[in-house]
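Only one structure is covered here, and it is reproduced in the block below.
Number of protein chains: 2
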Amino acid sequence: MRKHLIPLAALLAATPALPQASANIAAGRAQPSPLAPAEIVNVAPKGDWAAIAASDLLVMDLAPDAKGKARRVVIQLMPAPFSQGWIGNIRKLAAARFWDGTSINRVQDNYVVQWGDANAEDKAKAKALPGDLAVVPESDYEANFGYCKVGQECGPIPDEFAQGPNLPVISRINKQPDSFLVSTGFVRGWPVSLVVGSNLTVAPVHCYGMVGVGRDMPPNTGTGAELYTVIGHAPRHLDRNIALVGRVIEGIEHLSSLPRGTGALGFYETPQERTGIVSVRIGSEVSGLPAYEYLSTESESFARYADARANRRDAFFIRPAGGADVCNIPVPVRRVK
Amino acid sequence: MRKHLIPLAALLAATPALPQASANIAAGRAQPSPLAPAEIVNVAPKGDWAAIAASDLLVMDLAPDAKGKARRVVIQLMPAPFSQGWIGNIRKLAAARFWDGTSINRVQDNYVVQWGDANAEDKAKAKALPGDLAVVPESDYEANFGYCKVGQECGPIPDEFAQGPNLPVISRINKQPDSFLVSTGFVRGWPVSLVVGSNLTVAPVHCYGMVGVGRDMPPNTGTGAELYTVIGHAPRHLDRNIALVGRVIEGIEHLSSLPRGTGALGFYETPQERTGIVSVRIGSEVSGLPAYEYLSTESESFARYADARANRRDAFFIRPAGGADVCNIPVPVRRVK
Numbered sequence: 001m002r003k004h005l006i007p008l009a010a011l012l013a014a015t016p017a018l019p020q021a022s023a024n025i026a027a028g029r030a031q032p033s034p035l036a037p038a039e040i041v042n043v044a045p046k047g048d049w050a051a052i053a054a055s056d057l058l059v060m061d062l063a064p065d066a067k068g069k070a071r072r073v074v075i076q077l078m079p080a081p082f083s084q085g086w087i088g089n090i091r092k093l094a095a096a097r098f099w100d101g102t103s104i105n106r107v108q109d110n111y112v113v114q115w116g117d118a119n120a121e122d123k124a125k126a127k128a129l130p131g132d133l134a135v136v137p138e139s140d141y142e143a144n145f146g147y148c149k150v151g152q153e154c155g156p157i158p159d160e161f162a163q164g165p166n167l168p169v170i171s172r173i174n175k176q177p178d179s180f181l182v183s184t185g186f187v188r189g190w191p192v193s194l195v196v197g198s199n200l201t202v203a204p205v206h207c208y209g210m211v212g213v214g215r216d217m218p219p220n221t222g223t224g225a226e227l228y229t230v231i232g233h234a235p236r237h238l239d240r241n242i243a244l245v246g247r248v249i250e251g252i253e254h255l256s257s258l259p260r261g262t263g264a265l266g267f268y269e270t271p272q273e274r275t276g277i278v279s280v281r282i283g284s285e286v287s288g289l290p291a292y293e294y295l296s297t298e299s300e301s302f303a304r305y306a307d308a309r310a311n312r313r314d315a316f317f318i319r320p321a322g323g324a325d326v327c328n329i330p331v332p333v334r335r336v337k
Numbered sequence: 338m339r340k341h342l343i344p345l346a347a348l349l350a351a352t353p354a355l356p357q358a359s360a361n362i363a364a365g366r367a368q369p370s371p372l373a374p375a376e377i378v379n380v381a382p383k384g385d386w387a388a389i390a391a392s393d394l395l396v397m398d399l400a401p402d403a404k405g406k407a408r409r410v411v412i413q414l415m416p417a418p419f420s421q422g423w424i425g426n427i428r429k430l431a432a433a434r435f436w437d438g439t440s441i442n443r444v445q446d447n448y449v450v451q452w453g454d455a456n457a458e459d460k461a462k463a464k465a466l467p468g469d470l471a472v473v474p475e476s477d478y479e480a481n482f483g484y485c486k487v488g489q490e491c492g493p494i495p496d497e498f499a500q501g502p503n504l505p506v507i508s509r510i511n512k513q514p515d516s517f518l519v520s521t522g523f524v525r526g527w528p529v530s531l532v533v534g535s536n537l538t539v540a541p542v543h544c545y546g547m548v549g550v551g552r553d554m555p556p557n558t559g560t561g562a563e564l565y566t567v568i569g570h571a572p573r574h575l576d577r578n579i580a581l582v583g584r585v586i587e588g589i590e591h592l593s594s595l596p597r598g599t600g601a602l603g604f605y606e607t608p609q610e611r612t613g614i615v616s617v618r619i620g621s622e623v624s625g626l627p628a629y630e631y632l633s634t635e636s637e638s639f640a641r642y643a644d645a646r647a648n649r650r651d652a653f654f655i656r657p658a659g660g661a662d663v664c665n666i667p668v669p670v671r672r673v674k
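Just so you know, the sequences run in chain order A and B. Read left to right, the first sequence gives residues 1 to 337 (the numbering used here). Read left to right, the second sequence gives residues 338 to 674 (the numbering used here).
Structure (structure tokens):
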């Protein structure tokens, strides 16, 4: 641990005044409509995009669909200092081929799709887990950013998070606490909630497409062998109660469009209803995988995009909202062109 | 119009202190876990439920699925004073059998499913609309509850909304403006945003499952012939920009699990991908339709339910959120037992 400054000014700053689409000044022609959020993303300069390492991807290939079409789901794992204990387990599980031959077992409408070993609760049939999985404490549901007071400098932050020029920048979108009584923003490309107490604690939030770790009753925190993704309105009551480890960046439609389970909590009632998982691999093990990048949440383009998401000024809209919740500002991710 | 009092006290009231599950006072036994939201709903007394008239339902039967199974979607239309111009059009369209033989044309992941006449943009092929559809003004995206100041009595409100003992009660859940810079609550069973200016204006919000009216560029407001429902995180930027007319109360899985369209905005690229609509009828025309009821948003049970949604105290949770957004408190609806 060493002392470092978190730029709390960023925490407190209002959304900057932002340039609109370049005005058409030719006489007699109407001003063009301000850019829509997707248009801002499309014109973002290359330097505003950040590469995602293949080693931070988890690639899940499902059994082909009824027409024989391949179904691949690509998940980006979270960076330090978030959830690294569970993510370490997930790397071991993928290396052990644990998920190969398991299945999608639960699809609950407006909530989650969940996958893993359908027989995990049956000791006689359950697949063996790798022996060296970490038991991660509940305290790791959030990351401790050190001692802070609003408007003052912060105290020590974890060494692994203070890496030379890559200082943690919190892109704060919402100035006031949201409906869940927390402040929200973005850290290194991820939506987070911020709680300033005796320490600043930061936790990822359950937006659409985020991937979390199924668990039993507390103090169990789950190993990472049972995963789920959000396919409905953000279930924010799960924040800081369950570990989040990543997000689906491609192929979520292969999960969100699956038939809903008719059992309790959306579990399938018969094995035949489950969708098989052929393999799950870390991206660096997958040949021919495209490269991906995300729009840096510290970039000017992201600030413009977030502002446009909160204040739609393109021609379809008659009334900008003036705000947006953190899950209404999905971080743009794309294949590298 | 006549003078009436809106109980603005309700607007300002904090969530009341609520009884937890009855404590087990037998010596030596642990306290039971407080009830989960669904358990509170299950034990709500009959008197806390409000009937939904069959004449306020819109019943859409899709073509059977690949296994020949029936697919019915039941929509509850909004009550006065919300969106009544479009809802009048929808009643005329259903009476004219306008939607019979049309289709689901658009499924955009984490956004909307949209249906209507796939040829509406092609004048040569478009189905004729009933001749007497109303053109509804943009001002009807919200309802005017009369002149108010916070903490004072309200001025005149529309006659149709001041019906004897059924006074408008606003069940306010969030005391502070939410991320979208509005206050939110519930009116007569519906999630709404509240804006207090020279008047109190109230508008329904785009929660999961809400049904809205597709439209062209403003000032077009749509007729109601093109409808959509939300199948993702609440797109609240559409509030007060598009008309909302109802919500899906049964069968949303027949829409949310459809294959996503691969064209722009999730439109299907070929007619073969569309799901056919066999018929759309007002509920009172459908024989054998179950009766439905919703948990009155003015009831004590709803207050307990909303509080439990915001503060999960059941055994799975280690940290209650302390709040919830209006779309995280879906109004319970069920078949009458």
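Cβ coordinates follow ideal geometry from the N, Cα and C atoms, glycine included. These figures come from a predicted structure and were not determined experimentally.
Residue i in three-state terms, based on DSSP
{"i": "Trp-49(A)", "result": "strand"}
{"i": "Gln-114(A)", "result": "strand"}
{"i": "Arg-29(A)", "result": "Its pLDDT being 45, under 50, Arg-29(A) is placed unreliably by the model, and nothing is read from it."}
{"i": "Ile-40(A)", "result": "helix"}
{"i": "Ile-231(A)", "result": "coil"}
{"i": "Ala-143(A)", "result": "strand"}
{"i": "Phe-517(B)", "result": "coil"}
{"i": "Gly-151(A)", "result": "Residue confidence is low: Gly-151(A) scores 45 on pLDDT, short of 50, so the model does not pin down where it sits. Its coordinate-derived value is still stated next. Of the three classes helix, strand and coil, the one that applies to Gly-151(A) here is coil, per DSSP."}
{"i": "Leu-258(A)", "result": "coil"}
{"i": "Ala-540(B)", "result": "strand"}
{"i": "Leu-295(A)", "result": "strand"}
{"i": "Leu-238(A)", "result": "helix"}
{"i": "Arg-434(B)", "result": "coil"}
{"i": "Leu-466(B)", "result": "coil"}
{"i": "Arg-428(B)", "result": "helix"}
{"i": "Leu-265(A)", "result": "helix"}
{"i": "Phe-523(B)", "result": "strand"}
Proximal residues of chain B, C-beta to C-beta of residue i below 8 Å
{"i": "Phe-316(A)", "result": "Met-554, Pro-555 and Asn-578"}
{"i": "Asn-328(A)", "result": "Ser-516, His-570, Ala-571, Pro-572, Arg-573 and His-574"}
{"i": "Glu-138(A)", "result": "Ile-655"}
{"i": "Asn-174(A)", "result": "Ser-516"}
Per-residue contacts from residue i into chain B (C-beta, under 7 Å)
{"i": "Ile-40(A)", "result": "What Ile-40(A) touches in chain B: nothing, since even the nearest Cβ is about 15 Å away."}
{"i": "Pro-259(A)", "result": "Ser-594"}
Interface residues of chain A facing residue i [CB-CB closer than 8 Å]
{"i": "Asn-589(B)", "result": "According to the sequence provided, residue 589(B) is Ile. The question's Asn does not apply to it. Asp-109 and Asn-110, listed in chain order."}
{"i": "Tyr-545(B)", "result": "Asn-110, Gly-232 and His-233"}
Euclidean distance between Cα positions of residue i and residue j
{"i": "Met-397(B)", "j": "Tyr-478(B)", "result": "24 Å"}
{"i": "Arg-577(B)", "j": "Arg-319(A)", "result": "7 Å"}
{"i": "Ala-306(A)", "j": "Glu-300(A)", "result": "10 Å"}
{"i": "Asp-459(B)", "j": "Ala-126(A)", "result": "57 Å"}
{"i": "Pro-330(A)", "j": "Gly-116(A)", "result": "26 Å"}
{"i": "Gly-600(B)", "j": "Glu-138(A)", "result": "43 Å"}
{"i": "Val-670(B)", "j": "Ala-95(A)", "result": "46 Å"}
{"i": "Val-529(B)", "j": "Gly-546(B)", "result": "14 Å"}
{"i": "Phe-523(B)", "j": "Arg-573(B)", "result": "16 Å"}
{"i": "Arg-584(B)", "j": "Met-415(B)", "result": "8 Å"}
{"i": "Gly-261(A)", "j": "Ile-427(B)", "result": "32 Å"}
{"i": "Ser-296(A)", "j": "Ile-75(A)", "result": "18 Å"}
{"i": "Glu-100(A)", "j": "Glu-253(A)", "result": "The amino acid at residue 100(A) is misidentified as Glu; the sequence shows Asp. Cα to Cα, the separation comes out at about 21 Å."}
{"i": "Asn-42(A)", "j": "Ser-33(A)", "result": "16 Å"}
{"i": "Val-112(A)", "j": "Gly-468(B)", "result": "44 Å"}
Beta carbon of residue i nearer than 9 Å to that of residue j
{"i": "Ala-480(B)", "j": "Thr-560(B)", "result": "no"}
{"i": "Asn-311(A)", "j": "Ala-303(A)", "result": "no"}
{"i": "Leu-62(A)", "j": "Gly-276(A)", "result": "yes"}
{"i": "Ser-315(A)", "j": "Pro-555(B)", "result": "The displayed chain sequence assigns Ala, not Ser, to residue 315(A). Yes, the Cβ-Cβ distance between Ala-315(A) and Pro-555(B) is below 9 Å."}
{"i": "Gly-675(B)", "j": "Val-472(B)", "result": "In the structure as shown, chain B starts at 338 and stops at 674, and residue 675(B) therefore has no counterpart that could be examined."}
{"i": "Val-673(B)", "j": "Glu-635(B)", "result": "no"}
Within chain A, partners of residue i - CB distance below 9 Å
{"i": "Glu-458(B)", "result": "Under the 9 Å cutoff, chain A gives no residues; its nearest Cβ is about 16 Å from Glu-458(B)."}
Interface partners of residue i on chain B, CB under 9 Å
{"i": "Gly-323(A)", "result": "Pro-514, Asp-515, Ser-516, Phe-517, Leu-518, Val-519 and Arg-573"}
Within chain A, the residues that residue i reaches when beta carbons sit closer than 7 Å
{"i": "Arg-656(B)", "result": "Arg-240 and Asn-241"}
{"i": "Asn-442(B)", "result": "The contacting residues do not exist; Asn-442(B) stays about 16 Å from chain A at best."}
Original post:
Okay, do the region 513-522 of chain B and the region 175-187 of chain A touch, 3+ Cβ pairs below 8 Å being the bar?
Top reply: yes
**OP:** Determine contact between the region 442-449 of chain B and the region 604-615 of chain B, defined as no fewer than three beta-carbon pairs at a distance below 8 Å.
**Re:** yes
Subject >> Touch test, the region 284-292 of chain A against the region 531-540 of chain B, Cβ-Cβ under 8 Å, three pairs minimum >> reply: no
Original post:
Given 8 Å as the limit, is there contact between the region 67-74 of chain A and the region 84-91 of chain A, that is, 3 or more CB pairs closer than that?
Top reply: no
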